[in-house]
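Enquirer: The structure's right below; bear with me while I get my questions together.
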Amino acid sequence: MDILDIKREFAEYKQTINDIRGSLDLEKREAKIAELEKQTMEESFWNDKRRSSAVIKEMNGEKEIVAEYKKLEAEVGEEEVLIDFVEMGEEDFQEELEEKHKTLGKDLDHFDTRLLLDGDYDSNNAIVTIHSGAGGTEACDWADMLYRMYSRWCNDKKYKISEMDFMPGDSVGIKSITFLVEGNNTYGYLKSEKGIHRLVRISPFDANKKRHTSFASVEVVPEVDESVEVNIKPEDLRIDTYRASGAGGQHVNMTDSAVRITHLPTGIVVTCQRERSQLSNRETAMKMLQSKLLEVELKKKEEEMKKIQGEQSEIGWGNQIRSYVFQPYTLVKDHRTSAESGNIKAVMDGDIDIFINGYLRWNKAK
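Those letters in the sequence shown? Residues 2 to 367, by this note's numbering.
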């Protein structure tokens, strides 16, 4: 990359960082961190588990933003030094400058997107459920492909992923799967994936090589942590146990360890068969139920805001958020934001930031 092009982009990066600094109000944030740290020193701080958890969560969030901004400022200083060296004729630093410039651009874009995560539960872990749509084998395979895509994305971000419930397809793939994604702001990012995902391809299961359209739904809810209170009355629950399903062999669980919990007022059903202990499965299922009930409350508030703002629901496409076309051409397109990529292999390998970031910016502008 030419030094003049680097300097031009670098000037734009610096301006963006200065604008961010103005909107961040760093002094106010650092004062807030000091105030929260002071609260953690109080003798009675840990007596109220819910309050202490909320304070720690808020403090860590503020610290993360301040630390990321200061890292950007440090990167700017380092790049300025490298630019000076190259302009003085030290060509050995050209390659290092190009790498530093690329890293700064990437980190700035990430931080700019991070600042869009200001929802009440954006910092929470995410519980994701994928359901195959109608279509049998083809739909189950599509659900499996989506699970692989999200697994690759999580691995790339260094997020921890663990299965909570799993129902295999009759011959291949997945009928449904629920998994927990743990890490900073996982719900904030993955909430962009809620909705119907559509696949168009020539089916590998069709001897006539015809084009098929398949659907899978993705649900994403924030994991309820100790800072959130969700009241569930015992009389509102029906709890059933059953034998966990599996692929067979020595790991089949011969006891009724799997748990199904039905919340009678809402009809919400959650299941868990991940653990070998019924008690552990019950605890995990209760967490899943709390998260789903929290999501119900969030949807109610969202609908109330839509009524106040006079927002009309979309007709036709409904909740279909994204199409993945393998044939006759390759294209992944988000129907909400118009973000698209022709590199379908990269997308299915977890390169979905273009869609997540596009959604966050689109949602903020609504």
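For glycine and all other residues, C-beta sits at the position ideal for the given N, C-alpha and C.
With a threshold of 8 Å, are at least 3 pairs of Cβ atoms found where one atom belongs to the region 38 to 49 and the other to the region 81 to 93?
Expert: The region 38 to 49, when compared against the region 81 to 93, does not touch it at the 8 Å Cβ threshold.
Enquirer: How about V221 and K192: are their beta carbons less than 8 Å apart?
Expert: Taking 8 Å as the Cβ cut-off, V221 and K192 qualify as a contacting pair.
Enquirer: Quick one: what's Y243 bridged to in DSSP?
Expert: A259
Enquirer: Would you grab the beta carbon distance between A144 and I131 for me? Rounded to a whole angstrom, and I think it's under 8 Å.
Expert: 5 Å
Enquirer: If you draw a straight line from the alpha carbon of N282 to that of I262, how long is it in whole angstroms?
Expert: Distance between the alpha carbons of N282 and I262 is about 10 Å.
Enquirer: How about L290 and I233: do their beta carbons lie closer than 8 Å?
Expert: yes
Enquirer: Below 8 Å on the Cβ atoms is my guess for I18 versus L109; work out the distance and round it to an integer in Å.
Expert: 7 Å
Enquirer: Using only alpha-carbon positions, find the residue among K29, E28, A32 and I57 that is nearest to T41.
Expert: I57
Enquirer: List the DSSP bridge partners of D142.
Expert: Per DSSP, none; premise fails for D142.
Enquirer: Return yes when the Cβ of I353 is within less than 8 Å of the Cβ of W154, no when it is not.
Expert: yes
Enquirer: Among E276, C141 and R52, which one has its Cα closest to the Cα of D226?
Expert: R52
Enquirer: Please classify D237: is it buried, with 16 or more other beta-carbons within 10 angstroms of its beta-carbon, or exposed?
Expert: Classification for D237: exposed.
Enquirer: Can you find the residues in the same chain that come closer than 8 Å, C-beta to C-beta, to M373, ignoring five residues on each side of it along the sequence?
Expert: Residue 373 cannot be examined here, being either before or after the span of the chain that is shown, 2 to 367.
Enquirer: Could you tell me which of T114, D257 and A12 sits nearest to M240, measuring between CA atoms?
Expert: The sequence shown places Ile at residue 240, rather than the Met named in the question. Per the Cα distances, D257.
Enquirer: By the DSSP assignment, the alpha helix (DSSP H) with H102 in it spans what residues?
Expert: Q95 to R115
Enquirer: Would you tell me roughly how many angstroms separate the C-alpha atoms of G351 and E99, rounded to the nearest one?
Expert: 26 Å
Enquirer: For M255, which residues in the same chain have their Cβ closer than 8 Å to its Cβ, ignoring the five residues on either side in sequence?
Expert: Confidence is the limiting factor: at M255 the pLDDT is only 47, short of 50, which leaves the residue's position unreliable and the question unanswerable from this model.
Enquirer: Which residues does DSSP pair with A127 in a beta bridge?
Expert: V182 and P223
Enquirer: So if DSSP puts R202 in a beta bridge, which residue, or which two residues, is it bridged to?
Expert: DSSP output for R202 lists H213 as bridge partner(s).
Enquirer: Is it buried or exposed, H111, if we count other Cβ atoms within 10 angstroms and call 16 or more buried?
Expert: An exposed status is given to H111, since fewer than 16 other beta-carbon atoms sit within 10 Å of its beta-carbon.
Enquirer: Going by alpha carbons, who is nearest to N358 out of A75, A55, Y190 and K300?
Expert: The shortest Cα separation from N358 among A75, A55, Y190 and K300 belongs to Y190.
Enquirer: Buried or exposed for V297, going by 16 or more other Cβ atoms inside 10 Å?
Expert: Looking at its Cβ environment, which holds fewer than 16 other Cβ atoms inside 10 Å, V297 is exposed.
Enquirer: Determine the burial state of E13: buried for a count of at least 16 other Cβ atoms within 10 Å of its Cβ, exposed for fewer.
Expert: exposed
Enquirer: Bridge partners of T272, per DSSP?
Expert: R261
Enquirer: Is it true that the CB of G134 sits closer than 8 Å to the CB of S215?
Expert: Taking C-beta atoms as the reference points, S215 and G134 count as a pair closer than 8 Å.
Enquirer: Drop a sphere of 10 angstroms on the beta-carbon of R199, count the other beta-carbons inside from all chains shown, and report buried for 16 or more, exposed for fewer.
Expert: buried
Enquirer: What does a CB cutoff of less than 8 Å around N186 pick up in its chain, not counting 5 residues either side in sequence?
Expert: R115, L118, D123 and S124
Enquirer: Just the C-alpha distance for K176 and G170, rounded to the nearest angstrom, thanks.
Expert: In this structure, the CA atom of K176 is about 5 Å from the CA atom of G170.
Enquirer: Leaving out the 5 sequence neighbours to the left and right, which residues in its chain are closer than 6 Å to Q95 when beta-carbon positions are compared?
Expert: Same-chain partners within the cutoff: V87.
Enquirer: Check whether the Cβ atoms of S324 and V173 sit closer than 8 Å, and answer yes or no.
Expert: In this structure, the beta-carbon distance from S324 to V173 does not fall below 8 Å.
Enquirer: Could you check what DSSP says for Y14 in three-state terms: helix, strand or coil?
Expert: helix
Enquirer: What residues in its chain sit with their C-beta under 8 Å from that of E76, if we drop five residues either side in the sequence?
Expert: So the qualifying residues of the chain are K101, T104, L105 and D108.
Enquirer: To the nearest whole angstrom, what separates the beta carbons of F356 and I345, a pair I think is in contact under 8 Å?
Expert: Rounded to the nearest angstrom, the Cβ distance from F356 to I345 is 12 Å, too far for a contact under 8 Å.
Enquirer: State yes or no: is the C-beta of I4 within less than 8 Å of the C-beta of Y70?
Expert: no
Enquirer: Determine the burial state of A32: buried for a count of at least 16 other Cβ atoms within 10 Å of its Cβ, exposed for fewer.
Expert: exposed
Enquirer: Please go through the same chain and pick out, in chain order, the residues whose beta-carbon is closer than 7 Å to the beta-carbon of A140, but skip the five residues on each side of it.
Expert: S133, G134, S215, F216 and A217
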